[in-house]
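Here is the structure we will look at, set down as structure tokens.
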Amino acid sequence: APNRFTLNQNYPNPFNPETNINFELPVKSAVKIEIFDVSGRAVDKVIERNLEAGYHTVKYNGSRLSSGIYYCRMSAESDGVSFVKTTKMILIK
4 APNRFTLNQN YPNPFNPETN INFELPVKSA VKIEIFDVSG RAVDKVIERN LEAGYHTVKY
64 NGSRLSSGIY YCRMSAESDG VSFVKTTKMI LIK
């Protein structure tokens with residue numbers, strides 16, 4: 004199992020319309036991954052659930068969104084430990 008929380012850069016990036024979001028959890032955690040536009044408005048929720056420790060990949064389909072720059076924010080919480088990280092994603096149609 005991983006020894007730390009990690010959100011990796013999505014790939015491919017730029018993407019059209021699908022991309023993979025990889026992340027690692029050292030312990031079972033409540034995980035939320037959301038997509039935001041450049042103005043900071045939440046435009047999509049990828050997942051929001053408890054996940055076991057380990058390496059995870061989520062496919063994201065941005066076909067509902069227009070071309071542009073978006074931000075993927077992952078937050079995870081377990082036993083009083085919080086993790087938040089944001090990465091930039093580029094959607095080109």
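According to the working numbering, the sequence shown is numbered sequentially starting from 4. Every residue, glycine too, gets a C-beta built ideally from N, C-alpha and C.
- By the criterion of a C-beta distance shorter than 6 Å, S66 is surrounded in its chain by P20, once the five residues flanking it on both sides are discounted.
- Rounded to whole angstroms, the separation of the alpha carbons of K96 and S85 is 35 Å.
- Put simply, of S32, N25, Y58 and S42 the residue whose alpha carbon is nearest the alpha carbon of R52 is S32.
- Taken in chain order, the whole beta strand (DSSP E) runs of length 3 or more contained in the region 17-41 are 21-28 and 32-40.
- In the three-state reduction of the DSSP assignment, E55 falls in the coil class, being assigned neither a helical nor a strand state.
- For F86, the uninterrupted beta strand (DSSP E) segment begins and ends at V84 to L94.
- Apart from sequence neighbours up to five positions away, the residues of its chain that approach R7 with a beta-carbon distance below 8 Å are E27 and P29, ordered along the chain.
- The Cβ atoms of N16 and T60 lie no closer than 8 Å to each other.
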